[in-house]
Amino acid sequence: QVQLVESGGGLVQPGGSLRLSCAASGIGFSMYGMGWHRQAPGKQREFVATITSGGSTNYGDSVKGRFTISRDNVRKMVYLQMNSLKPEDTAVYSCNARHSTIAAANFWGQGTQVTVSS
Numbered sequence: 003q004v005q006l007v008e009s010g011g012g013l014v015q016p017g018g019s020l021r022l023s024c025a026a027s028g029i030g031f032s033m034y035g036m037g038w039h040r041q042a043p044g045k046q047r048e049f050v051a052t053i054t055s056g057g058s059t060n061y062g063d064s065v066k067g068r069f070t071i072s073r074d075n076v077r078k079m080v081y082l083q084m085n086s087l088k089p090e091d092t093a094v095y096s097c098n099a100r101h102s103t104i105a106a107a108n109f110w111g112q113g114t115q116v117t118v119s120s
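Take the sequence shown: its letters are residues 3 to 120, numbered as in this note's numbering.
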């Protein structure tokens, strides 16, 4: 059974930092691109960042230069380091695993809440 379990969310002041983690199980982790998306109340889900199995990264325009995605293929973990957080970063952040060649193999975690507020 595939599981993606996020952790590390919480309340942080503007300008602060958080590190999100996603633990994957039930998949051949090295065959999957991993990503983070977010959804704020009343808004559509927004792309945040992805990282391929080889370590190539891509970021949404709104987080470039502030967020860093990384992965540990041995521990089957993916991380999102978030710096210089803004109130508009407030959202539920979800982890995504997408197989490199099998389109149907696309999995999501339940999400973790990030709130940026003073």
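Note that the Cβ used here is the ideal one computed from N, Cα and C, for glycine as well.
Given the structure is predicted, the values throughout are model-derived calculations rather than measurements.
With respect to the beta strand (DSSP E) encompassing residue i, which residues constitute its N-terminal and C-terminal limits?
i	result
G133	An answer regarding residue 133 cannot be provided, because it is not within the stretch 3 to 120 covered by the chain.
V4	Careful: V4 lies outside any beta strand (DSSP E) and carries neither H nor E.
Q115	114 to 118
Could you pull out every residue in the same chain whose Cβ sits closer than 7 Å to the Cβ of residue i, ignoring the five residues on either side in sequence?
i	result
S27	Q5, K78
Pull up the distance between the alpha-carbon of residue i and that of residue j, whole angstroms please.
i	j	result
I53	K88	23 Å
N108	R100	4 Å
M36	A105	14 Å
S9	G67	22 Å
V50	T70	10 Å
S58	G44	31 Å
E48	L82	15 Å
M33	G113	22 Å
Between residue i and chain D, is there a C-beta pair that is closer than 9 Å?
i	result
H101	Annotation note: the requested chain D is absent from the structure, which comprises a single protein chain.
Please return the same chain residues whose Cβ sits closer than 8 Å to the Cβ of residue i, not counting the five positions on each side in sequence.
i	result
T92	A42, V116, T117, V118, S119
Ordered along the chain, which non-local residues of its own chain (more than five positions away) have a Cβ less than 6 Å from that of residue i?
i	result
R40	E48, V50, A93, Y95
Can you list, in chain order, the stretches of the beta strand (DSSP E) that have 3 or more residues and sit fully within the segment 25 to 89? Qualifying beta strand (DSSP E) stretches, in chain order: 34 to 41, 48 to 53, 59 to 61, 69 to 74, 79 to 84.
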